[in-house]
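J.: Before I ask anything, let me first share the structure, which is written out below as structure tokens.
In UniProt numbering, the protein residues as written are 1 to 95.
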């Protein structure tokens, strides 16, 4: 299991906290995706010519992405609840 810590700009952190307080899962998912996307895109642009062939290579890539994300975003973000990241929680608005 990989743990990812997000380092966020204060403005984004405030928006995330507001979404959590309001229970706005759609906004929360969108904000997190927007925060994570640039890191993934940059990494993919640098590594498209290197296919991942083994589990250990995947682990290295995943850890690298987690470290990059942690370096770009804030550390004072509240963890998401299990419900917020469960399949049922993600798709609850789309029966």
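Backbone N, C-alpha and C fix where the C-beta goes; we use that ideal spot for every residue, glycine too. Because the structure is a prediction, the values reported are computed rather than measured.
Tell me whether residue 53 sits in a helix, a strand or coil according to DSSP, three-state version.
T.: Counting from one through the chain shown, the residue named residue 53 turns up at place 53. Here residue 53 sits in coil by DSSP.
J.: Helix, strand or coil: how does DSSP classify residue 64 here?
T.: For the purposes of this step, residue 64 is taken as the residue at position 64 of the chain shown. Looking at residue 64 - three-state DSSP - the assignment turns out to be helix.
J.: Using the three-state DSSP reduction, which class does residue 93 fall into: helix, strand or coil?
T.: Position 93 of the chain shown holds residue 93. Three-state result, residue 93: coil.
J.: Quick check on DSSP: helix, strand or coil for residue 19?
T.: Position 19 of the chain shown, counted from the start, is the residue given in the question as residue 19. Looking at residue 19 - three-state DSSP - the assignment turns out to be helix.
J.: Measuring CA to CA, which of 78, 87 and 65 is closest to residue 14?
T.: Locating residue 14 in the chain shown gives position 14, counting from the first residue. Closest by alpha carbon: 78.
J.: Drop a sphere of 10 angstroms on the beta-carbon of residue 39, count the other beta-carbons inside from all chains shown, and report buried for 16 or more, exposed for fewer.
T.: What you label residue 39 is simply residue 39 of the chain shown in a count that begins at 1. It is buried - the Cβ of residue 39 has at least 16 other Cβ atoms within 10 Å.
J.: Thinking residue 35 and residue 65 are a contact (beta carbons under 8 Å), I'd like their distance in whole angstroms, please.
T.: Here residue 35 refers to the residue found at position 35 when the chain shown is read from its first residue. Here residue 65 refers to the residue found at position 65 when the chain shown is read from its first residue. Contact flag wrong, Cβ pair sits at about 13 Å.
J.: Taking C-beta to C-beta, are residue 28 and residue 84 nearer than 8 Å?
T.: Residue mapping note: residue 28 aligns to position 28 of the chain shown, counting from 1. Residue mapping note: residue 84 aligns to position 84 of the chain shown, counting from 1. It is a contact, given that the beta carbons lie within the stated cut-off.
J.: Ignore the nearest five residues each way along the sequence and tell me which others in residue 41's own chain have a CB closer than 8 Å to its CB.
T.: Start at 1 with the first residue of the chain shown, and residue 41 comes out as number 41. Nothing listed; no residue qualifies.
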